[in-house]
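Numbering (our numbering), first residue to last: 943 to 1037.
1. Roughly how many angstroms separate the alpha carbons of residue 997 and residue 963, rounded to a whole number?
2. Just tell me which of 1002, 1034 and 1030 has its CA closest to the CA of residue 1021.
3. Using the beta-carbon count (16 or more within 10 Å), is residue 1037 buried or exposed?
4. How big is the Cα-Cα spacing for residue 1005 and residue 953?
5. Return the residue from the list 1024, 1009 and 1015 that minimises the CA-CA distance to residue 993.
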């Protein structure tokens, strides 16, 4: 096999590979996080579906409790905001 033929074969393979990668359908449905350690130590995350929610405004620690978010702001029990789909286009969370 000549050098030009080898280069042409390699380039063809790369172009076809990229074309198939681009044409692959994106995942659909709600985001899924498998059972595993979440970003908060000691918490396991499994998202089944999101709940629509307005943007969240936090002015003080009392706002977390008033909005019903669990936790107390300590390292041992941080405030947890999860499983929400913010339905506005202005901001998601404003602190």
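Note that CB positions come from ideal geometry on N, CA and C, so glycine has one too.
Straight from the coordinates:
1. As a working mapping, residue 997 is identified with position 55 in the chain shown. As a working mapping, residue 963 is identified with position 21 in the chain shown. Near 35 Å, if we compare the C-alpha coordinates of residue 963 and residue 997.
2. As a working note, residue 1021 is residue 79 in the chain shown. Closest option to residue 1021, Cα to Cα, is 1002.
3. On the chain shown, residue 1037 is found 95 positions in, with the first residue counted as 1. The residue in question, residue 1037, is exposed, as its Cβ has fewer than 16 Cβ neighbours within 10 Å.
4. Counting from 1 along the chain shown, the entry for residue 1005 is found at position 63. Counting from 1 along the chain shown, the entry for residue 953 is found at position 11. Going by the C-alpha atoms only, they are around 58 Å apart.
5. Counting from 1 along the chain shown, the entry for residue 993 is found at position 51. Considering only alpha carbons, the answer is 1024.
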